[in-house]
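Below is one structure, written out as structure tokens; the observations come after it.
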Amino acid sequence: MADIADTSTARRASSKDADAHAPDAVGALTPLARISAPQWRALSTRAAEPNGYYLPEWELAVNASARGRGDTDALGARRDASSLIGLVPVISMWRAYKIPLPALVSADPYGTLCTPLLDRDMAEEAVTGILQQARQAGAHALIFRATSLDGAAMKAFTDVLHRSRMQPVVLQSHVRACLDTTGDADEVLREALGAKKLKELRRQRNRLAEHGAINFDVARTPAEMTTAVETFLMLEASGWKGQRGTALGQDDGDAAFVRRATSALTETGQCELVTLRAGETPVAAAIVLRHQDRAFYFKLGVDERFAKFSPGVQLTLELTRYLCADPAISMVDSTAAPDHPMINPIWRGRLAIGDVLIPLRRGDPVVSLIRAALGLRSAIREPVRRLVHFARSRREKS
Numbered sequence: 008m009a010d011i012a013d014t015s016t017a018r019r020a021s022s023k024d025a026d027a028h029a030p031d032a033v034g035a036l037t038p039l040a041r042i043s044a045p046q047w048r049a050l051s052t053r054a055a056e057p058n059g060y061y062l063p064e065w066e067l068a069v070n071a072s073a074r075g076r077g078d079t080d081a082l083g084a085r086r087d088a089s090s091l092i093g094l095v096p097v098i099s100m101w102r103a104y105k106i107p108l109p110a111l112v113s114a115d116p117y118g119t120l121c122t123p124l125l126d127r128d129m130a131e132e133a134v135t136g137i138l139q140q141a142r143q144a145g146a147h148a149l150i151f152r153a154t155s156l157d158g159a160a161m162k163a164f165t166d167v168l169h170r171s172r173m174q175p176v177v178l179q180s181h182v183r184a185c186l187d188t189t190g191d192a193d194e195v196l197r198e199a200l201g202a203k204k205l206k207e208l209r210r211q212r213n214r215l216a217e218h219g220a221i222n223f224d225v226a227r228t229p230a231e232m233t234t235a236v237e238t239f240l241m242l243e244a245s246g247w248k249g250q251r252g253t254a255l256g257q258d259d260g261d262a263a264f265v266r267r268a269t270s271a272l273t274e275t276g277q278c279e280l281v282t283l284r285a286g287e288t289p290v291a292a293a294i295v296l297r298h299q300d301r302a303f304y305f306k307l308g309v310d311e312r313f314a315k316f317s318p319g320v321q322l323t324l325e326l327t328r329y330l331c332a333d334p335a336i337s338m339v340d341s342t343a344a345p346d347h348p349m350i351n352p353i354w355r356g357r358l359a360i361g362d363v364l365i366p367l368r369r370g371d372p373v374v375s376l377i378r379a380a381l382g383l384r385s386a387i388r389e390p391v392r393r394l395v396h397f398a399r400s401r402r403e404k405s
């Protein structure tokens with residue numbers, strides 16, 4: 008992984024494509040790539056709430072090459088020059104929503120979770136510092152997309168705002184699947200799926216085994232990861248994602264980000280790539296990130312030639328058993344869409360996720376304007392989004 012230099016150099020809060028549209032967001036922010044990597048890593052070990060997608064090795068790889076996700080800035084808070092106590096990557100509201108208003112929006116880390124990193128021992132001090140830097144950057148509000156609503160990070164923001172007689176505004180929310188790994192895996196699966204469905208899945212697995220012995224492989228070392236990530240990219244591009252042109256391996260920048268991020272996080276023990284094989288043939292693969300006691304289930308790739316054997320489900324069952332047997336992990340975030348047709352019936356826990364508006368000044372009329380603009384945008388886009396989601400969900404069943 009490329010080194011990241013410390014700097015006190017700052018630049019304008021709005022990205023280059025937004026400067027002409029959001030002239031009020033003119034304060035100085037630090038480019039994400041110039042945040043001290045050792046300080047960022049140290050903060051991640053002390054984070055009040057885990058977020059595998061804001062680990063430096065992941066987010067810096069995204070920022071370096073993932074399509075449409077580069078040129079990101081950072082809101083940070085420090086105890087002193089050598090200690091980072093809070094961090095959230097941000098972009099302008101124009102870039103996020105094409106709305107020319109002075110707000111900063113959490114950068115999408117290619118993992119549908121934007122919960123800020125806050126030092127668990129100084130969470131409220133970190134929030135205060137982040138809010139102060141956002142004000143200095145000319146912003147009137149922060150918008151955290153895809154953020155955990157019930158965790159320690161949002162509690163810290165809420166408590167700090169309440170002292171100034173303000174409160175966060177949940178713009179939209181949903182629940183998504185998660186797995187409590189503290190129970191027995193077979194009991195968890197039996198309660199979730201029932202005996203009849205498990206019997207059908209065993210039948211499918213036995214039929215899959217006619218193509219070769221079934222093996223569940225976990226790539227943990229850099230050498231193993233180098234090979235496994237190419238298998239994952241190949242599988243993901245072989246199905247409907249490849250037909251739609253959204254597979255990671257179809258874009259050089261996205262493929263480079265995945266290779267760099269998985270390699271770097273394997274070095275720290277925070278990434279594994281799981282593969283299900285029938286004989287020598289890989290039929291499904293997925294990336295799993297680890298941060299503290301939580302795991303994050305990233306994208307799944309399957310060989311759709313074996314679709315009648317439910318390879319994605321079979322891999323998820325094996326992953327469930329694997330993680331339930333790991334005492335270091337207590338919960339797995341699916342990071343999936345709400346009502347996902349594959350994961351929701353298997354993992355019956357639910358996490359509340361939402362987009363949250365954080366006002367920066369009490370009684371600020373600009374905040375009301377920002378909220379109204381987002382509401383109008385949502386009202387226009389939601390019917391189209393639902394139609395697209397319905398069409399995609401029908402194709403994603405495996």
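Numbering of the sequence shown is given in my numbering, commencing with residue 8 and proceeding in unit increments.
Note that the Cβ used here is the ideal one computed from N, Cα and C, for glycine as well.
| Item | Value |
| --- | --- |
| Unbroken beta strand (DSSP E) run spanning Ile98, endpoints | 90 to 99 |
| Same chain, Cβ closer than 6 Å to Asn222, five either side skipped, listed in chain order | Arg284 |
| Beta-bridge partners of Leu326, as assigned by DSSP | Beta-bridge pairing links Leu326 to no other residue. |
| Residue environment, Gln277, which counts as buried when at least 16 other CB atoms sit within 10 Å | buried |
| Best match in Glu231, Gln257, Arg227 for proximity to Leu240 [C-alpha to C-alpha] | Gln257 |
| Euclidean distance between Cα positions of Trp47 and Asn58 | 13 Å |
| Which of helix, strand or coil DSSP assigns to Asn58 | coil |
| C-alpha gap between Ile92 and Ser245, whole angstroms | 42 Å |
| For Ala386, three-class secondary structure by DSSP | helix |
| The segment 124 to 135 touching the segment 99 to 109, judged by at least three CB pairs closer than 8 Å | no |
| Where the beta strand (DSSP E) containing Val37 begins and where it ends | In the sequence under discussion, the amino acid at residue 37 is Thr, which differs from the Val named in the question. Counting along the chain, the beta strand (DSSP E) containing Thr37 begins and ends at 35 to 38. |
| Contacting residues, own chain, Cβ-Cβ under 7 Å from Ala343 (five flanking each side not counted) | Arg183, Ala184, Ile350 |
| Nonlocal neighbours in the same chain, by C-beta distance under 6 Å from Phe151, ignoring five residues either side | Ser113, Cys121, Val363 |
| Sheet register partners of Leu82 (DSSP bridge) | Val95 |
| Distance, Asp371 Cα to Glu279 Cα | 46 Å |
| Which listed residue (Thr37, Arg301, Val295) has its alpha carbon closest to that of Glu325 | Val295 |
| Cβ-Cβ separation, Leu215 to Phe313 (assumed contact under 8 Å), whole Å | 6 Å |
| Cα-Cα separation between Leu7 and Met338, rounded to whole angstroms | A query on residue 7 cannot be resolved here, the shown segment of the chain reaching from 8 to 405 and no further. |
| Cβ-Cβ separation, Leu124 to Ser51 (assumed contact under 8 Å), whole Å | 6 Å |
| For Tyr304, three-class secondary structure by DSSP | strand |
| Coil, strand or helix - Arg48 by DSSP | helix |
| Cβ neighbours of His298 in the same chain (closer than 8 Å, five flanking residues each side left out) | Ser51, Ala54, Pro57, Asn58, Gly59, Leu62, Gln277 |
| Where the alpha helix (DSSP H) through Thr238 begins and ends | 229 to 245 |
| Ala71 to Ala271 span [Cα, whole Å] | 14 Å |
| From Arg384, Glu274, Pro390, residue whose alpha carbon lies closest to that of Lys105 | Arg384 |
| Residues near Leu394 by beta carbon distance below 7 Å, same chain, minus five either side | none |
| Euclidean distance between Cα positions of Leu108 and Ile377 | 7 Å |
| Reduced DSSP category for Gln179 - H, G, I as helix; E, B as strand; rest coil | strand |
| Sub-8 Å separation of Leu82 and Ala141 beta-carbons | yes |
| Residues bridged to Cys278 [DSSP beta-bridge criterion] | Leu296 |
| Contacting residues, own chain, Cβ-Cβ under 8 Å from Ala159 (five flanking each side not counted) | Ala55, Glu56, Leu125, Arg127, Ala130 |
| Any C-beta of chain E under 8 Å from that of Ser375 | Among the protein chains of the structure shown there is no chain E, as only one such chain exists. |
| Extent of the continuous beta strand (DSSP E) to which Pro366 belongs | 356 to 366 |
| Cα-Cα separation, Glu64 to Val265 | 11 Å |
| Distance, Asp78 Cα to Ala263 Cα | 16 Å |
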